[in-house]
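I have placed the structure first, in the form of structure tokens, so that the comments after it can refer back to it.
In full-length UniProt numbering, the protein residues as written are 1 to 315.
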């Protein structure tokens with residue numbers, strides 16, 4: 001049973017919004033384009049791994065938690081997938097990386113050799129998984145539950161070739177997930193927890209999940225403001241007669257400012273006042289801006305003159 005589904009990373013919308021508003025000649029445009037490609041590829045890879053679970057018949061009590069984010073006082077844990085069962089807890093670190101991959105267990109390095117012979121150093125997924133395993137073991141200890149914690153690194157690309165392994169760490173291609181589960185069920189043949197206790201454990205773990213904090217890109221001088229036309233690249237809509245209109249293609253939309261607000265939330269900050277709304281959308285009238293802000297029924301704080309509206313993730 002899935003008790004937390006996998007959601008599309010908000011960074012994808014953030015970077016898509018940035019690139020919509022950033023000139024292609026901007027010196028950082030290639031950098032953010034490549035970052036968007038990597039995050040999107042990672043998300044699609046995680047979805048491919050999720051699809052393999054449908055091929056696996058798990059007859060024991062089990063609960064899936066995808067994209068578990070644990071915020072601690074000075075650090076955090078972001079675990080791609082956790083499978084809580086009556087026999088063990090499985091944590092997956094999912095990677096969408098192509099090329100020849102090398103783990104150095106002595107130096108704790110992880111690198112990729114590309115087709116042209118160049119080498120990229122990357123964060124070691126084995127170290128990331130060790131952190132998650134340690135935290136999960138401490139969590140189980142606090143719950144007074146003795147279950148083995150198993151970590152596995154899952155590569156999603158068939159073109160990922162492991163040249164040197166990370167010690168005894170379980171490393172598989174995503175297509176090997178059914179085989180891995182067969183082996184784990186053979187290795188752990190007996191239930192340690194009842195179905196009720198397994199569910200309670202999974203729910204207690206899920207209760208610790210929190211929303212990943214908003215992080216601004218800090219690039220307010222690198223992208224344009226305005227309400228964008230969905231048909232004409234870099235063309236701005238004008239607000240006239242209660243509707244947003246494009247002077248080029250004649251497209252009109254009475255609520256186009258909602259998309260602009262979502263982008264503002266993603267690119268700048270999660271709150272907005274009347275002047276900031278006018279500056280970003282191009283509306284010149286404070287009264288019209290006030291009416292539009294009030295019509296969206298967003299939560300707010302502060303008095304009328306210094307009112308700050310809290311922009312929701314979705315309208």
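From the three backbone atoms N, C-alpha and C, an ideal C-beta is built for every residue, glycine too.
Every value quoted in this text rests on a predicted model; they were computed, and no experiment measured them.
Looking at residue 112: is its Cβ nearer than 7 Å to the Cβ of residue 101? Here residue 112 refers to the residue found at position 112 of the chain shown. Here residue 101 refers to the residue found at position 101 of the chain shown. Cβ atoms of residue 112 and residue 101: closer than 7 Å.
Proximity winner among 54, 170, 159 and 71, relative to residue 97 (alpha-carbon distances): By 1-based counting over the chain shown, the position of residue 97 is 97. The candidate whose alpha carbon is nearest that of residue 97 is 159.
Check whether the segment 53-70 touches the segment 208-224, counting contact only when three or more Cβ pairs, one atom from each stretch, lie closer than 8 Å. yes
For residue 89, the residue or residues it bridges with in DSSP: For the purposes of this step, residue 89 is identified with residue 89 of the chain shown, where counting begins at 1. Per DSSP, 84 and 149.
Coarse secondary structure for residue 107, derived from DSSP in three states: Here residue 107 corresponds to residue number 107 of the chain shown, with the count starting at 1. DSSP places residue 107 in coil when its eight states are reduced to three.
Could you check what DSSP says for residue 162 in three-state terms: helix, strand or coil? Against the chain shown, residue 162 aligns to sequence position 162. Three-state DSSP puts residue 162 in a strand.
Return the chain-ordered list of same chain residues with a C-beta closer than 8 Å to the C-beta of residue 19, the five sequence neighbours on each side being excluded. Working through the chain shown from its first residue, we reach residue 19 at position 19. Only residues of its own chain outside the window of five on either side were considered, and among them 29, 32, 33 and 36 have a CB closer than 8 Å to the CB of residue 19, listed in chain order.
Per-residue DSSP class, three states only, for residue 192: Along the chain shown, one-based indexing puts residue 192 at 192. Residue 192: coil per DSSP, three-state reduction.
Can you tell me whether residue 78 is buried or exposed, with buried defined as 16 or more other CB within 10 angstroms of its CB? Stepping through the chain shown from its first residue, residue 78 is reached at position 78. Classification of residue 78: exposed, given that the 10 Å Cβ count is below 16.
Whole angstroms is fine: what's the gap from residue 150's alpha carbon to residue 262's? As a working mapping, residue 150 is identified with position 150 in the chain shown. As a working mapping, residue 262 is identified with position 262 in the chain shown. Spanning the two alpha carbons is a distance of roughly 39 Å.
Between the Cα of residue 232 and the Cα atoms of 250, 85 and 239, which residue gives the shortest distance? Taking the chain shown and counting its residues from 1, one reaches residue 232 at position 232. Closest by C-alpha distance to residue 232, out of 250, 85 and 239, is 250.
Coil, strand or helix - residue 245 by DSSP: Working through the chain shown from its first residue, we reach residue 245 at position 245. Strand, per DSSP.
Using beta-carbon positions only, say whether residue 273 and residue 289 come within less than 7 Å of one another. As a working mapping, residue 273 is identified with position 273 in the chain shown. As a working mapping, residue 289 is identified with position 289 in the chain shown. Result no, Cβ atoms of residue 273 and residue 289 do not sit closer than 7 Å.
Please report how far the alpha carbon of residue 244 lies from the alpha carbon of residue 286, in whole angstroms. Numbered from 1 along the chain shown, position 244 holds the residue referred to as residue 244. Numbered from 1 along the chain shown, position 286 holds the residue referred to as residue 286. Between residue 244 and residue 286, the C-alpha separation is close to 17 Å.
For residue 305 and residue 43, I'd like the C-alpha separation in whole angstroms. As a working note, residue 305 is residue 305 in the chain shown. As a working note, residue 43 is residue 43 in the chain shown. So the alpha carbons of these two residues sit roughly 42 Å apart.
Among the candidates 199, 24 and 148, whose CA atom is the shortest distance from the CA of residue 63? If you number the chain shown from 1, residue 63 lands on position 63. Minimum Cα distance to residue 63 is reached at 199.
Go through the segment 262-289 residue by residue and report every complete run of the alpha helix (DSSP H) that reaches 4 residues or more, in order. 274-281
From the DSSP secondary-structure annotation, give me the bridge partner or partners of residue 240. In the chain shown, residue 240 corresponds to position 240, counting from 1. Under DSSP, the beta-bridge partners assigned to residue 240 are 243.
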